[in-house]
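Comments concern the structure below.
In the UniProt record's numbering, the protein residues as written are 1 to 98.
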């Protein structure tokens, strides 16, 4: 499993519209092969900052699987109008601690 984390900084005053667009875009994401689940979190310390966590079966399911698809373009177009600047994304694997 791969965890894809993205930080979004939205334009001031657009938080509610951004959240609504993420809800709409969630349908697109959930239909992709390899998708497992996702969450959206709003930062407490920094206004208009969000973190999205998406779990994929594999790195290839996300890249190029999702990112090379028409669905990705549609998903991006829903969120793009609200972004202050390009999002920052990284992929992670879990570390067993016990």
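Every residue gets a Cβ at the ideal spot worked out from N, C-alpha and C, and that includes glycine.
task: Identify which residue in 3, 28 and 20 has its Cα closest to the Cα of residue 73.
output: 28
task: Go ahead and pull the three-state DSSP assignment for residue 91.
output: strand
- request: Hey, could you find the ends of the beta strand (DSSP E) residue 3 is sitting in?
  value: 2-9
Nearest-angstrom beta carbon gap, residue 51 and residue 41 [assumed within contact, 8 Å]: 5 Å
message: For the ligand HEM, I want to know if residue 31 counts as a neighbour, meaning its beta carbon is within less than 7 Å of at least one of the ligand's heavy atoms.
response: This structure does not include the ligand HEM; it has no bound ligands of any sort.
- prompt: Where does residue 54 sit, in a helix, a strand or coil, going by DSSP?
  reply: strand
field: Cut-off 7 Å between Cβ atoms - residues of its own chain near residue 90, not counting five sequence neighbours on either side
entry: 5
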